[in-house]
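Note that my numbering has the sequence shown beginning at 124, numbered continuously upward. Working notes for the structure below.
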Amino acid sequence: MSEHRKMNIPLALIPMLTLIITIVISLRYLDTGSHMPIVISTAVAALVAIKAGYKWEEIEKYMMETIGTSLQALTILLVIGIVIGTWIISGVVPSMIYFGLKIISPKVFLLVACIICAIVSVATGSSWSTVGTVGIALIGIGETMNIPLPMVAGAILSGAYFGDKMSPLSDTTNLAPAIVGAELFEHIKHMIYTTGPSLLISLVLYGIMGIKYGSNAIDKTNIDIILNGLSSSFVISPFLLIPPIMVIVMVVKKVPALPGLIGGSFLAAIFALVVQKASLAAVVTAAYSGFTSETGMATIDKLLSRGGLSSMSYTITLVFVAMAFGGVVEKTGMLHVIVDKILSAANSTGSLVLATVLTCIAVNILTASQYLAIVIPGNMYKERFEENGLHPKNLSRCLEDAGTITSCLIPWNNGGVFMASTLGVPTLAYLPFAFLNYINPIISIIYGYTGITMTKLDKTQKNNNPVDESNS
């Protein structure tokens, strides 16, 4: 960049502070959502960029480029809306809820929900696929058991993101070591030290919460009414569990998410026509605008009236404006000058890990992308970790400890938008109960300051481009 186009700290902080102030005012005092604060902050960021010497044509290009990186996620959001609508009208979701109510006790529900999601996400490597399949059913089961939905959503996300971090099939799990020069399975083994205790602590907390809420939640009469309502409104059969099983198997077989989800939705549409005897018009309507339950039972109608492609419009517009803001602050160097300032103060191992974790979270907040929250800090801190004699797998672990799993805790981030839309629970409502997602970064920081599991480079690695031992 030419000298007059270099950002400085005072300029870079203007759009960041604007975002924070407008978001707080909008969410806390006006209750008007996140869209307009981000639009205002994007406009301010553009003005700052122009002040620094950028032309509007360049700024617009940066926004379009960054929005382009989110198109796959946006397409998946649209398809998830279709999946929810078709899975409900076909009886897939009602059957999952029905059998779940039959076999899961309220006292252990939160614990079991977390474990189920952890298993599925390890198998699929995707928190999004996990939440979009078994997560939908678990939310329904939890609601019928009168367990607070933010708690249910928190348990689902803790399990889903455990697998998203620990599965070799996960894109972020492959991205983090690739960015810093670590080896995949060494990276995964190194994450066990932070992610394992985080999951165990989370399971203990869900177990305690389940005892507290589950002991009062069971109402056999109410459960029987719901079971009867579901069975009288839909054909309930284990056969109807084939679509979610098919989606999970396809993801495990490395079929891309989009064709897998579309296939699951198409199969569910066939089941709706053949098994539930729904009309073609009703199936198409459910896919586009969602399913409307009219059983006359308030609990079931509230539970099953959802989904559809059009229901994702709020979510998609939020992602658009968030990515536009991220494009301006990242491409014009605003984010980089702030991170460089932080980097200059990070000298010890503890302060370096703390800086990495905070930077990942900040990038998640400012760019609305968990991928950028791995790529940007990874590139910026790679040399500093090497200079401090730290193995690159320490950095790749930090990137995942903070970059991957905090995305769903930010209302306008791709992760937060998707999870809130799919589960029907606001991000800030489930945030306190997504234990693993904020316990994990804390444990990572503690390890940094205590030196626990912070592997050092040997002399050979330090004198050459560091790679993991298994690649040497």
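Using N, Cα and C, we set each Cβ at its ideal position, and we do this for glycine too. Remember, it's a predicted structure, so these values are computed and weren't measured experimentally.
Let me make sure I understand the geometry here. Which of Ala410, Gly277, Arg151 has the alpha-carbon closest to that of Ala543?
Gly277
Which of the three DSSP states, helix, strand or coil, is assigned to Lys377?
Lys377 carries a coil assignment under DSSP once its states are collapsed to helix, strand and coil.
Based on the DSSP secondary-structure assignment, which residues constitute the bridge partners of Leu513?
According to DSSP, residue pairing for Leu513 in a beta bridge involves Lys579.
Between the stretch 155-173 and the stretch 392-404, can you find at least three pairs of beta-carbon atoms closer than 8 Å?
Too few Cβ pairs lie closer than 8 Å, so no.
Measuring straight from C-alpha to C-alpha, what distance separates Ile334 and Val303?
43 Å
Distance CB(Tyr329)-CB(Cys237) smaller than 8 Å:
Yes, they are a contact pair.
Determine which residues share a DSSP beta bridge with Arg429 and list them.
Answer is Phe414.
In terms of residues, what are the limits of the alpha helix (DSSP H) holding Glu453?
Where Glu453 is concerned, the enclosing alpha helix (DSSP H) starts and stops at 436-454.
Just to confirm before moving on: does the CB-CB distance between Asp294 and Ser250 stay below 8 Å?
no
To the nearest angstrom, report how far apart Ile205 and Leu194 are at their CA atoms.
17 Å
Are the CB atoms of Ile371 and Thr256 within a distance shorter than 8 Å?
yes
Give me the residue from Ala447, Val202, Pro273, Asn560 with the minimum Cα distance to Gly191.
Comparing Cα positions, the closest option is Ala447.
Span of the alpha helix (DSSP H) holding Ile227?
No alpha helix (DSSP H) contains Ile227, which DSSP labels as neither H nor E.
Once DSSP output is grouped into helix, strand and coil, what is the label at Glu266?
helix
Going by the beta-carbon positions, is the gap between Leu350 and Leu224 smaller than 8 Å?
yes
Under a three-way DSSP split, which group does Phe394 fall into?
helix
In three-state terms, what does DSSP make of Pro271?
Looking at Pro271 - three-state DSSP - the assignment turns out to be coil, as it is neither helix nor strand.
Chain-order list of residues whose beta-carbon lies under 6 Å from that of Ala392 (same chain, five-residue window excluded)
Thr209, Val406.
Would you mind working out which of Val442, Gly431, Ser281 sits nearest Thr527, comparing C-alpha positions?
Ser281
Grouping DSSP H, G and I as helix and E and B as strand, with all else coil, what is Phe508?
The answer is helix: DSSP assigns Phe508 an H, G or I state.
By the DSSP assignment, the alpha helix (DSSP H) with Gly210 in it spans what residues?
It should be pointed out that residue 210 corresponds to Trp in this sequence rather than to Gly. Start and end: 194-212.
Evaluate contact between the stretch 134-141 and the stretch 459-467, counting only Cβ atoms and requiring at least three cross-stretch pairs below 8 Å.
yes
Helix, strand or coil at Val216 according to DSSP, with G and I counted as helix:
Note: Val216 maps to helix in three-state DSSP.
Can at least three beta-carbon pairs, one atom from the stretch 502-517 and one from the stretch 463-470, be found at a separation below 8 Å?
yes
Since I believe Pro273 is in contact with Phe556 (beta carbons under 8 Å), could you give me their beta-carbon distance rounded to a whole number of angstroms?
5 Å
Using the C-alpha atoms, what's the distance from Arg520 back to Ile143?
28 Å
Which of helix, strand or coil does DSSP assign to Asn131?
coil
What three-state label does DSSP hand Thr295 in the structure shown?
helix
Could you compute how far the alpha carbon of Leu532 sits from the alpha carbon of Ile488?
9 Å
Alpha carbon of Val476 to alpha carbon of Glu453, nearest angstrom
22 Å
Could you check which residue in Gly413, Met373, Met369, Asp424 has the C-alpha nearest to that of Ser356?
Asp424
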